[in-house]
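Below: one structure, written as structure tokens.
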Amino acid sequence: MATYTRNRLLGAAALCAATALGVTGVTAGSAAAVDAPSKIRGDYNGDGYVDLAVGVPSATVDGKAEAGYVNVVWGGASGLGKHGSTTVSQSTAGVPGTAEAGDGFGYAVASDDMNGDGYSDLVVGAPDEDTTVGLSVGTVAVVWGGAGGLKGGFTAANGNFDSSRYGAQLATGDFDKDGDNDIAFNAHFDESSSVRMRPGPFTAGSPATLERVAGWHFAGSTALASGDFDGDGGDDLAVSYNGMEISGTTVMNRASGEWKETWRTSDRTNTSLATGDFDGDGTTDLAVGNVQPNPETEQTHCEDRLGGAILTVYGKKDGALGDGGTACTTQSSPEVGGTAEADDNFGAHLAADDLDGNGGAELIVGADAEAVGTARNAGTYWTLASAGAGKPFTGPAVSQNTAGVAGTAEAD
11 MATYTRNRLL GAAALCAATA LGVTGVTAGS AAAVDAPSKI RGDYNGDGYV DLAVGVPSAT
71 VDGKAEAGYV NVVWGGASGL GKHGSTTVSQ STAGVPGTAE AGDGFGYAVA SDDMNGDGYS
131 DLVVGAPDED TTVGLSVGTV AVVWGGAGGL KGGFTAANGN FDSSRYGAQL ATGDFDKDGD
191 NDIAFNAHFD ESSSVRMRPG PFTAGSPATL ERVAGWHFAG STALASGDFD GDGGDDLAVS
251 YNGMEISGTT VMNRASGEWK ETWRTSDRTN TSLATGDFDG DGTTDLAVGN VQPNPETEQT
311 HCEDRLGGAI LTVYGKKDGA LGDGGTACTT QSSPEVGGTA EADDNFGAHL AADDLDGNGG
371 AELIVGADAE AVGTARNAGT YWTLASAGAG KPFTGPAVSQ NTAGVAGTAE AD
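Numbering (my numbering) for the sequence shown: 11 to 422.
Now the structure itself:
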């Protein structure tokens, strides 16, 4: 049975993002739905308000320890948390599978319109799901959004060998540029590739084929993210990995019909990626969190990496990722709150959205091991704004000791 210490970190990162956004997350019908869906990503009942989904893989369901669920908080006119919440698990009617001890349902979550009906759907990974094939093979499920909220579901992929752990990381997007959204997910202990794609559409009668994403070095993948970094209308896939022989982040593009590498760094990275238009130029950019020194390579983007650094790589329309320049941000950067210390894990959790409506996305950064006063590992988050390529992001640090934030910063 897996032990999910990660659920607390996932929840903390999501709630920090929600605090900064004011509204974000997942819906199931408490707020009044409208006749036509909003087509907004993350709006599960189509009422025009983004909702919040938080995976809690350590949760007990029907007496089954660590079976896991997704906590769904509905957005609405009064903001996040004012319109109720619910949980979605493998014990929820219509959701594929059966809640079992150690499944870890909700270990990874993603949101996108997977069947083209205009409603966002919830994509959920349960990496330690056991099947007749073996133990911890993992599964990826889609829970359908609609006017009545989240109802029914569909199994997008099942692992095919022991400890393949399908669904520990997820990303969605139109990778093959055919107009249908696809799902990318990791597969552990696969020598030729640890990332696979389940192509859309996710409709009745569509083929349940899986496609390997090239790259043997993805065997230690730790994070996935998607975005159109070159402005060609199709999504690219970013993969961070800490393998036995090689570490870094690679961006892959499949618009030509086969996967091709378009950008790579050999910096050692940890667990987080985020995408957004940070400089407001209309092209998606990539943020790589908790960049750490890699003694096996001379390549480096961030010389000052004490406590972790965030590497931002800017996209450019009709160009390649990186053509727009790069930037490095640490707690030692000017106008970034906090103090850089070893093992802070600055950037261990990332999220991005345009919080102030100025056309450029802000970067929400979590550091779960940041000390607050004498409280070790109390955790801190930042809402950072881009100053453009070559310049670090800026923004204040927020902890449970910050005025107006509930609770008190305590060790661990």
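Glycine included, each C-beta is placed from N, C-alpha and C at the ideal position.
On a predicted model such as this, the values are computed, not experimentally measured, just so you know.
Contact check for arginine 208 against phenylalanine 228 fails: the beta carbons are separated by 9 Å or more. For lysine 92, there is no enclosing beta strand (DSSP E), as DSSP marks it with neither H nor E.
Scanning its chain for C-beta atoms nearer than 6 Å, with the 5 sequence neighbours on each side dropped, one finds around proline 106 the residues Ala151, Gly163 and Thr165, in chain order. By the neighbour-count criterion, in which 16 or more other beta carbons inside 10 Å mark a residue as buried, arginine 386 falls on the exposed side.
Taking a C-beta distance under 9 Å as the contact criterion, glycine 65 and asparagine 81 qualify as a contact pair. Relative to the Cα of methionine 262, the nearest Cα in the group Asp123, Ala120, Pro344 and Phe239 belongs to Phe239. Beta-bridge annotation (DSSP): valine 134 is paired with Val119 and Ala151.
If you draw a straight line from the Cα of valine 143 to the Cα of threonine 149, it comes to about 12 Å. Linking threonine 260 to glutamate 271 through their CA atoms gives a straight-line distance of about 7 Å.
The three-state secondary structure of phenylalanine 164, taken from DSSP, is strand.
For glycine 86, the CB contacts under 7 Å within the same chain, skipping 5 residues up- and downstream, are Ala41, Tyr59, Lys92 and His93 in chain order.
Measuring C-alpha to C-alpha distances from alanine 120 to each of Ser257, Glu313 and Asp53 identifies Asp53 as the nearest. Here the C-alpha atom of isoleucine 50 lies approximately 23 Å from the C-alpha atom of alanine 214. Here DSSP, grouped into helix, strand and coil, assigns glycine 65 to strand.
In the same chain as glycine 128, and ignoring 5 residues on each side of it, the C-beta atoms closer than 7 Å to its own belong to Pro47, Lys49 and Gly56, in chain order.
By the Cβ criterion, the region 358–374 is not in contact with the region 327–337, since fewer than three pairs of Cβ atoms, one from each stretch, lie closer than 8 Å. DSSP lists no bridge partner for glutamine 341. For glycine 299, the uninterrupted beta strand (DSSP E) segment begins and ends at 295–301. When DSSP states are grouped into helix, strand and coil, phenylalanine 228 belongs to the helix group.
By the CB criterion at 9 Å, alanine 178 and glycine 135 fall inside the cutoff. The Cβ atoms of leucine 321 and histidine 311 sit closer than 9 Å to each other. Rounded to the nearest angstrom, the gap between the Cα atoms of threonine 404 and leucine 234 is 25 Å. Look at arginine 274 here: in three-state DSSP terms it is strand.
Tyrosine 59: not part of any beta strand (DSSP E); DSSP gives it neither H nor E. Judged by DSSP in its simplified three-state form, tryptophan 392 adopts strand. Annotation: glycine 156 to valine 83 spans about 16 Å, alpha carbon to alpha carbon.
Taking C-alpha positions only, glycine 237 is separated from glutamine 302 by approximately 23 Å. Taking the Cα positions, glycine 241 is about 21 Å away from leucine 373.
Judged by DSSP secondary structure, glutamate 372 falls within the beta strand (DSSP E) whose first and last residues are 372–377.
C-alpha of aspartate 353 to C-alpha of serine 216: approximately 47 Å in a straight line.
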